[in-house]
Amino acid sequence: MIDTFSRHRPLSLLAIVILVQVLLLAFQIKRENNVRLVRYWAVELMTPLERLGTWTFSQVGGVWGGYVGLRNTRAENERLRSELDKLRLRTRELESRSAEGQRLSTLLNFHDAHPEAPMLAAQVIGASADPTSHTLFINRGERDRLRRNMGVITPDGVVGKIVEVFPSTAQVLLINDKDSGVGALFAVSRTHGVVRGSGDPEPHMEYVVNEEKLQPGDVIVTSGEDRIFPKDLLIGTVGATKPGNPFQIISVQPAARLDRLEDVIVLLSLQELAPKKSEEGSEAAGAARDGAQPPQSSAAAPKTFGIVTDPNKFKPPVAPVPSAAPANETPKAKPAVPQQ
Amino acid sequence: MNIGGHSEPNIEVHKFYSGAVLGTCLLALVFQAFLHKYGRWSELIDLPLLVTIYFGVSRRNPVSGLFLGAGIGILQDALSHDNPIGMYGIAKTIVGYLASSVGARIDTEHPLSRFGLIFLFFHFHQAILALTQRVLLNHSAPLFTIHLFVDSLVTAGFGVILFALLDRLRRSS
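Going line by line, the protein sequences match chains A and B. If you're matching positions, the first sequence starts at 9 in the working numbering and goes up one per residue. If you're matching positions, the second sequence starts at -19 in the working numbering and goes up one per residue.
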């Protein structure tokens, strides 16, 4: 540096003298807002450096916060994830308990609404291993006074009947099993038939003549003729219909959710269930008395815990003439309900 | 061109009587201020600039040339009522330095050569002044006008006469 200065001494001196005079000028000259030029220059010189410093600190802080600080964030994240998983499990457990409580509450209400009929609540504990067989097992058996051919229902509708009884469990044949049959009739027309399982999720109603005018959503109830279910328990509604030979082919949508059964009721006798104890049933009955339209689906059916409240309100379009003849002999015949 | 380099050995370096340089510079500044009272015609001639150029090319020492120019310029600024100190100082510092460097390389004794040098240095001096005013003061000072051109011719002509008079202050070698 000193060597360079000595080598270019005149030029260096020139630069120094000019610089001194420029600084002298800068101390005297004032710019806008009465700011001295030297201060203006100083600010202009320092501002980029300050900006650079601020930017550098900001970046360093960002790196620290974004990367180095992530060590703690990762641990915290793992802890929070673990806590979240526990809370999710807890939530599902509570939801399950809540659903169970609702189911049990429904069963209890049903039981309280029909004190005249002996019944027993049971839980579904298993199903058949055979995919073509629609059966399930409940946690009640011989010790609980269960017998064969006792009806099994839910507050929504008919489920099936008991076919095997074991000391502490029982096997229930669902109404959509191909070996099942339930004496049934249309709530409106009072036309009789038999609801049989077909192996499909939806059972069919058989022995209904082609002349019978049916609409999807027509309510189907038990007729009581099978000596298993009391009269007027809701089975389901009419799904699709098409003419057959010699009877209509009627698909039935079960009122009970047969694929999601968890709690059921076993009817210990054939005592008919009176709807008068049910508040909701009263409302539905009232609505029917007021001329309300008959229910078009299971969801729109009277909420009477599976019982059609006032079948007389459903006036049949054509008065059927039931026959005592066997079902498979004449289309007009009253069907024979199989004793399964 | 090595402007800041050492003087060539075949170029004569003139010496002046003691006090002659300082006295001449002060007289030039006084006359410039004194003549200013007698009309704007005095503005045609820049006596301090002529003195700076003369002693620069005669003594042929860039260091003394730039300090002489700086001193004369700063004093000229100090004597003016509105110029910030340093405006003429910067311009005359550079002119003094360049005049010393040029004087060490070319013949500056011939009247025509002197006329040309003064003419060029006048415009160079004016250019530095204008540039300084534009950069530092935000004033739009002109780089070249007809008036400046006339000034440069008058100053150059007067400078040739003045330089001949100032040659008498040299010490004989």
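The beta-carbon is built from N, C-alpha and C at its ideal position, and this holds for glycine as well. Remember, predicted model here, so these are calculated numbers, not experimental data.
Check: Under 7 Å between C-beta atoms of ILE236(A) and GLY159(A); Outcome: yes
Check: According to DSSP, residues forming a beta bridge with PRO262(A); Outcome: GLY244(A)
Check: Chain-ordered chain A contacts of VAL43(B) [CB-CB under 8 Å]; Outcome: ARG17, PRO18, LEU21
Check: Under 8 Å from the C-beta of LEU33(A): neighbouring residues of chain B; Outcome: PRO64, ILE65, GLY66, MET67, ILE70, THR112, LEU116
Check: Whether SER231(A) touches LEU193(A) by CB criterion (7 Å); Outcome: yes
Check: Where GLY36(B) falls, given that 16 or more other Cβ within 10 Å makes a residue buried; Outcome: buried
Check: Selection of the segment 31 to 55 of chain A by Cβ proximity to chain E, strictly under 8 Å; Outcome: Judged by its chain identifiers, the structure shown contains no chain E, and its protein chains are A and B.
Check: Cβ-heavy atom distance, ASP240(A) to the ligand PLP, below 6 Å; Outcome: With respect to the ligand PLP, the structure shown offers nothing to examine, as it has no ligands at all.
Check: Short CB-CB distance (under 7 Å) between ALA50(B) and chain A; Outcome: yes
Check: Backbone secondary structure at SER38(B) - three-state DSSP; Outcome: helix
Check: In DSSP terms, what ALA34(A) is bridged to; Outcome: Answer is none; ALA34(A) lacks a bridge partner.
Check: Residue burial classification, SER113(A) (beta-carbon count within 10 angstroms, cutoff 16); Outcome: exposed
Check: Validate contact between the segment 97 to 107 of chain B and the segment 51 to 58 of chain B using beta carbons, cut 8 Å, 3 pairs; Outcome: no
Check: C-alpha gap between ALA50(A) and PRO64(B), whole angstroms; Outcome: 19 Å
Check: Cβ neighbours of THR73(B) in the same chain (closer than 7 Å, five flanking residues each side left out); Outcome: LEU46, GLY49, ALA50, GLY53
Check: Where MET54(A) falls: helix, strand or coil (DSSP); Outcome: helix
Check: Ranges of the alpha helix (DSSP H) found wholly within the segment 105 to 151 of chain B, counting only runs of at least 4; Outcome: 126 to 146
Check: Residue from LEU128(B), PHE143(B), LEU15(B) whose Cα sits closest to the Cα of LEU97(B); Outcome: PHE143(B)
Check: Given 8 Å, three or more beta-carbon pairs between the segment 139 to 149 of chain A and the segment 177 to 188 of chain A; Outcome: yes
Check: Below-7 Å beta-carbon distance, LEU109(B) vs any chain A residue; Outcome: no
Check: Cβ-based burial, ASP62(B) [other Cβ within 10 Å; buried from 16]; Outcome: exposed
Check: ILE54(B) (DSSP reduced to helix, strand or coil); Outcome: helix
Check: Secondary structure of ASP62(B), DSSP reduced to three states; Outcome: coil
Check: Helix, strand or coil at ALA84(B) [DSSP, three-state]; Outcome: coil
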